[in-house]
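Okay, so here's the structure we're looking at.
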Amino acid sequence: MDWLTPLIFAPLVGAIILAFVPSKQTETIKGVALIIAIITFILSLFVYAQFDKLGAGMQLTVNVPWITSLGIHYHLGIDGISLLLIVLTTVLTILAILSSWRSITEGVKGFFVSMLILTSGMIGVFCALDLFLFYIFWEVMLIPMYFLIGIWGGPRRVYAAIKFVLFTMFGSLLMLVAILYLYFQYHSFAGVYTFDMLKLMQMPIAINPQHWLFVAFALAFAIKVPLWPFHTWLPDAHVQAPTAGSVILAGVLLKMGTYGFIRIAMPMFPDATATFVPYIAILSVIAIIYGALVSMVQKDIKSLVAFSSVSHMGFVMLGLFALNQEAVQGAVIQMINHGISTGALFLLVGMIYERRHTRLIAEFGGLGKVMPVFSAFFMIVMLSSIGLPFTNGFVGEFLILLGAFKANVWYGVFAATGVILAACYMLWMYQRVVFGKVTNPENEKLTDINWRERIILIPLVVLIFFIGIYPTPLFERTEPAVRQVIAHIEQTRQAKQDLERIDERTLALREGAGLSQKVTEKGVTR
Amino acid sequence: MSEYLFWIPLLPLLGFLINGLLLGKLPRPVVSAVACVSVGLSFVLSLLLFFELRSLPPAAREIEQVLFTWIAAGSFHVDIAFLLDPLSAVMILVVTGVGFLIHVYSTGYMHHDKDFGRYFAYLNLFTFSMLTLVLANNFLLMFVGWEGVGLCSYLLIGFWFHKKSASDAGKKAFIVNRIGDFGFLLGMFIIFWQVGSLEFKTVMEQAPAMFVAGGGLITAACLLLFVGATGKSAQIPLYVWLPDAMEGPTPVSALIHAATMVTAGVYMIARSSVLYMMAPDALMVVAIIGAATAFFAATIGLAQNDIKRVLAYSTVSQLGYMFLACGVAAFGAGIFHLMTHAFFKALLFLAAGSVIHAMSEKQDMREMGGLKKYLPITYMTMLIATLAIAGIPGLSGFFSKDEILWKAFSSQHGHWLLWLVGFITAGLTAFYMFRLIYMTFHGKERMDEHTRSHIHESPRSMTVPLMALAVLSVIGGYIGMPHIFGVTNYFEEWLAPVVHGPGHQAASHALAAAGADTSMEWALMAASVILVIIAIFVARHFYNKKPEAATAMAEKMSGMKTLLANKYYVDEFYGATVVRPIVNGSLFLWKFVDVVIIDGTINGLAVISRDISEVLRYVQGGKVRNYATVFVAGVIVLVAYFIFG
Amino acid sequence: MTLDYAIFLISAAVAVFGATMMIMQRNPVASVLYLILSLVAQAVVYVQLGALFLGAILIVVYAGAILVLFLFVIMLLNLRSNPELSASLPPLGWFTKVAVPVLMVVELYFVVDRVIWPPVPTGIVGKNPDFGSVETVATMMFTDYMYPLQLTGVLLLVAVVGAVVIARRESAEPRKTTASPDNRNEQPIDTVAG
Amino acid sequence: MVPIHAYLMLAMILFGIGAFGVLVSRNVIVMFMSVELMLNAANLVLIAFSRALGVVDGHVFVFLVLAVAAAEAAVGLAMIITIYRNRETINIDRYNLLKW
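Protein chains in written order, with our numbering: chain A, 726 to 1251; chain B, 1489 to 2133; chain C, 4 to 197; chain D, 873 to 972.
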């Protein structure tokens, strides 16, 4: 039974259905969109249920030839990592749609159609096992997001949207080149053309092209993550995007980058990965500290959260490139966590933005008095974001730091300062927004969050505590996948090192012989 | 019985959940009942388990309960599991016992506050966190409690969040604690890295094999853990948050910032005594920091006028004593002082709360005086606590403090200088505590008429806990009397299986048995008692008999006084050297590095390509003739190529 | 200097003169007339080369039909000499626009000059009076070049239809509706379908 | 005997003038006529070679070129009329809607 195809295409079909609803009937449109999102979510739960948590390797695979002349297959499959991200995607989609219920008034139809197409693209990326298919889904995501920012965004939306697209396009073009190189390389290696990731992974690549390929893929993914210094599109995009756009952007789209690393860049180019570990780890540490410091002085809540994303994603990258079981698993969990916490933060910011039409921290103050329930939710989410134990953030961050420390003490030490700084910027922001007296008269008449908004937040808060206290179900599912990735990298490198060692030994023997000869010559002359 | 262990922390958590989720929907009596009963039940359970533990033979005194696996990834494995051993048994008794009393007290103290429910929810959450901290069977779960109490401290300090000073203080507390936690985390990493586990039992068993005693790694690990402790327990250099924490409601100060949370650092060091014994250098640092903090904070305490701030600095100072004890490897003495301190300092704070309550929320001692006749119970109990903290023989503080001083002098890790600092501090303590008593309860009535008319003794719910604590402050010391009195030190024996001094038990026994060098101990004890009595009389002279003499003194030493009153300008120093540069640096990073350099580079690329396009677009000018011209030119070139090429 | 040569030189001079004058005129009607002059001169050259039929066609069809069509259009649009059309070019534009054709001519000269052409008879030759006659051309056209001829017919047909479609007014309705942006997009589709 | 060179030179000059006309003229109709002139220059070459080589095939081609020129004139003039209706000018430089 093919579970993934319906999952991927349900939102797309939904979008097509939605296209036939007259654009005046906004309530119907919202309802239909919500129902489709829920159906997708249920489908993802089916997938979750079908998934065998002990099985290593790809599950629920579908592999049918698609464009045979080019060796392109419609090849889908998931492992624990993609499974969790898929569920995250479907959950966040529902919440994003709910959050747009009131805030989107213009072009309702286009908005929800874009959201659904976006969902299809995202799920597709997480399922694709054929690089061609992956690339298509990767680009499919870009377009609706461009519209979401560019049409329903803030005052500088066009600038932000174009910046977002240009950055991403730049990366994905490099990736396309690298994909094509791999494609032709595989042909000269095995005599057939294929885009199949699993097959391409088996192909040995010489070290030099491997470096270039890795750089191409890594740039594409690093821009998406975004890794310092490729992050500057993020604050603009987040600040300008509508709430739902920010939620999806932070919650899922950023994960594409890290997912790309763990699914493609790292297993395909193990040697290059090893070479680039220090550079990427250092960039990640810089991202952690830099993102935290810069977010401390932001004046706009959304850009504060955006920069905090830079910091958090720095943790994920550091975890991935610590290359040990603890850290990588921590990183995978952290991807989910970041989706939940930052998604929730954006939802919360969206809620006060809807009421006050400003996001400047200075405009707020004393919300604890007028919006106690909101403040409580905000507090919980903030604590999860700064990684308080028993919230989800802690589990991921702790494992990442632990693994990074194991890999290199200094990575761990410097990255851990991010924990302090996270507390600084989050608490300071929280204090300025929620604590104190109500100084701005406009804040006095604010209403606390309503039931729809509570329903949006409650699942996230439940997830925050669930993952924080009992993360075992997540770990169980990612464990085989992560083990396999690491094992693959280790094996390939091991094999190569063995070969090199043999080479070195012969070389050394030869040199040794030469040396001894010289010595004897010297002896003779003496 | 032992399978009920997890209920001890869980009960307050349930209390928190009930009060927190139904916030604003429960009537006040129910709220206070839920809060007090949950902690009270937890105390009863603790007592029962304590007796069960006692019934076991000393070597087997250990009850462990594993609930479920928390985090398991790769070689890392940590359970949610609780461990009751003699050390944690002492701690849970203190936490639930004192905690229960303070809960009861709070029902009276917070009676008029409209955020009653929220207050008790936080208080229960705190109790849960603190119990998790002390009952954890591994470092990570301990860290959970560690951060949890930090969070509650943050929430409770900033309880009246509409006051900027309160929310500032809460934030400061949390961030400073986070700095400490950073050390704690790294310390844990080193331990896990070397030992491969974070479970206390495994770590303590394996550590001697995995670490080189006195080596760099173990010293680093211990020092990093100690950084955590300095954060939580307000030691130099991270003590700055505690005085500000007095912005919170007074019972909170009593519970969190005197009796329980701030002592977590001491507990943690006692818990890792095995590790510290392997790192003498780290021990020395602990002792020096402890002694320095004790002295330093006591001097600041001399010049404070806010009643709670005096107590806050006193707490810092007393915590310094505990660290001094740990630093000279007298972990038992440290824990003993922790316990007695919990009694009398909680009492002092609660009594101070009672005073503040009576004084219509005024905290400045210069506006008090002569309260003795208005607040008899408060006065009596507070006097007892003051005598105890000053170290008057027969009261609990005397035994514990004296033990620390003696250990500082005699222990193989000790030094006479450490003793001397502790000794002087004892004098200072007696002085500033009696200054507080005299300024508050004796002498002229300096408050305004309006306040005076409202002065009243506190309600039952507040005075009963005071009396209970007063009793504990008196008798609490007798379970740990020094050997020279010819009795067994029950407390030390009780802790012996867990905390590992340098075979101090044997040493003390030998000393006691030999009876040889007890004269030295007696002499030191006498010296400190005499010093304390002198200090009390000096305080009496200045603040009761001749207040003008105090003013004259103050004028003479005005420089000194300003320095002390301003707390040595440490906050300002940190502000100028840490906070400002970070904020300015961040602004620089944002405004310059991010916007100008990184974005500038990228926008620069965009501008360049746009400018190139600006030029190129003239080619596409829409003029057909130009296109044709170019087309013909192209033909010419092609033909030329074929002709001449 | 044979008679042949003389006829050639005269007609060539007239053709070049007519062409030059054509592009120099401000009045389009004059341009057309000069072009006709140039074409007639060219027709003489055709005849001289033995292409009697094509010479006739050139005058009848080209000068007679196509250029008259041009005249029609000019008159239909009521075009006059317009100063805007004769404004001088900017220097650089002028230079390139002169240089490019000159360069081309020079280049073509090189092409022509380099090749040593076979000394074959040209001019009016009585040897083979059938050469270039209607009969020979027609025979060739309807046998060997049947398909291209048919295709040209189709092309002409398409051109006729196309010309009709393009030149037709967008709509018989008043301008107001055609000016509205919605209709402007849809209208051509309708016309094509219709 | 006129050498074939001469015909080629004539064709070349006519072609050049036609090209110059296309490039320089702003008047669409004159441009159009210049194009016709260039076509005829090409025709001249075809006929000259046809004569030189003694085959009539060139004549057929010229005939076809004439047909194409007629078609082109028909369509082109129709376009000019349409554009003129919208833009009210025959200045080719004003026909710049496709400009960036």
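Note that the Cβ used here is the ideal one computed from N, Cα and C, for glycine as well.
Since we're looking at a predicted model, the values are computed, not measured.
Nearest candidate by alpha-carbon position, reference residue i, set the options
{"i": "B:L1686", "options": "B:S1563, B:F2080, B:T1976 and B:K1860", "result": "B:S1563"}
{"i": "B:M1734", "options": "B:A1624, B:A1654 and B:S2016", "result": "B:A1654"}
{"i": "A:I822", "options": "A:F837, A:L813, A:T830 and A:F946", "result": "A:F837"}
{"i": "A:T830", "options": "A:K755, A:E1201 and A:K888", "result": "A:K755"}
{"i": "A:F1139", "options": "A:F994, A:L1043, A:L1072 and A:Y1195", "result": "A:L1043"}
{"i": "A:M900", "options": "A:I1145, A:I948 and A:Y918", "result": "A:I948"}
{"i": "A:I741", "options": "A:L785, A:M840 and A:L768", "result": "A:M840"}
{"i": "B:S1490", "options": "B:I1506, B:R1542, B:G1508 and B:A1782", "result": "B:R1542"}
{"i": "C:L165", "options": "D:I964, D:I962, D:N958 and D:L949", "result": "According to the sequence provided, residue 165 of chain C is Gly. The question's Leu does not apply to it. Comparing Cα-Cα distances from C:G165 to each of D:I964, D:I962, D:N958 and D:L949, the minimum goes to D:L949."}
{"i": "C:G135", "options": "C:V76, C:V32, C:I60 and C:V43", "result": "C:I60"}
{"i": "A:P869", "options": "A:F857, A:F859, A:V890 and A:G879", "result": "A:V890"}
Per-residue DSSP class, three states only, for residue i
{"i": "D:L962", "result": "One detail in the question is off: residue 962 of chain D reads as Ile in this sequence, not Leu. Three-state result, D:I962: coil."}
{"i": "B:F1570", "result": "strand"}
{"i": "B:S1550", "result": "The question names Ser, but residue 1550 of chain B is Glu in the sequence shown. Note: B:E1550 maps to coil in three-state DSSP."}
{"i": "C:I13", "result": "helix"}
{"i": "A:D727", "result": "coil"}
{"i": "A:H798", "result": "strand"}
{"i": "A:L1085", "result": "strand"}
{"i": "A:P960", "result": "helix"}
{"i": "B:W1558", "result": "strand"}
{"i": "A:Q927", "result": "coil"}
{"i": "B:I1943", "result": "coil"}
{"i": "A:W791", "result": "strand"}
{"i": "C:E176", "result": "Low local confidence applies: a pLDDT of 48 at C:E176 is under 50, so the model's placement there is unreliable, and no value is given."}
Residue i: contacting residues in chain B (beta-carbon distance under 8 Å)
{"i": "C:V103", "result": "T2117, V2120, A2121 and I2124"}
{"i": "D:L895", "result": "R2113, A2116, T2117 and V2120"}
Nearest-angstrom beta carbon gap, residue j and residue i [assumed within contact, 8 Å]
{"i": "B:V1637", "j": "B:G1668", "result": "Not confirmed; about 12 Å, so no contact."}
{"i": "D:A924", "j": "D:A883", "result": "Not a contact, Cβ separation roughly 13 Å."}
{"i": "A:G1016", "j": "A:G1039", "result": "6 Å"}
{"i": "B:T1803", "j": "B:S1842", "result": "About 18 Å separates the two Cβ atoms, so there is no contact after all."}
{"i": "A:L978", "j": "A:M866", "result": "7 Å"}
{"i": "B:T1917", "j": "B:A1786", "result": "6 Å"}
{"i": "A:G1161", "j": "B:H1650", "result": "6 Å"}
Residues that residue i contacts on chain B, provided the C-beta gap is smaller than 7 Å
{"i": "D:A891", "result": "V2120"}
Chain D residues whose Cβ lies nearer than 7 Å to that of residue i
{"i": "B:K2111", "result": "D965 and N968"}
{"i": "C:E87", "result": "N963"}
Contact set between residue i and chain B, taken where Cβ atoms lie within less than 9 Å
{"i": "A:Q1050", "result": "A1561, G1562, S1563 and F1564"}
Contacts that residue i makes with chain C (C-beta to C-beta distance below 8 Å)
{"i": "B:I2131", "result": "E110, F113, V114 and R117"}
Amino acids of chain C, ordered along the chain, whose beta-carbon sits closer than 7 Å to that of residue i
{"i": "B:V1447", "result": "Past the boundaries of the shown model lies residue 1447 of chain B; chain B is included only from 1489 to 2133, so the question cannot be answered."}
{"i": "D:R898", "result": "L88"}
Under 9 Å from the C-beta of residue i: neighbouring residues of chain G
{"i": "C:T139", "result": "In the structure shown, chain G does not exist; the protein chains are A, B, C and D."}
At 3 residues or longer, and completely inside the stretch 1164-1216 of chain A: list those beta strand (DSSP E) runs for me, N to C. none
Hey, which unbroken runs of the alpha helix (DSSP H) at 4 residues or more fall wholly within the stretch 88-153 of chain C? 94-117 and 137-145
Fully enclosed by the stretch 1893-1932 of chain B, which alpha helix (DSSP H) runs are 4 residues long or longer? 1904-1929
If you scan the stretch 1796-1856 of chain B from start to end, which runs of the alpha helix (DSSP H) of 4 or more residues do you find wholly inside it? 1819-1846
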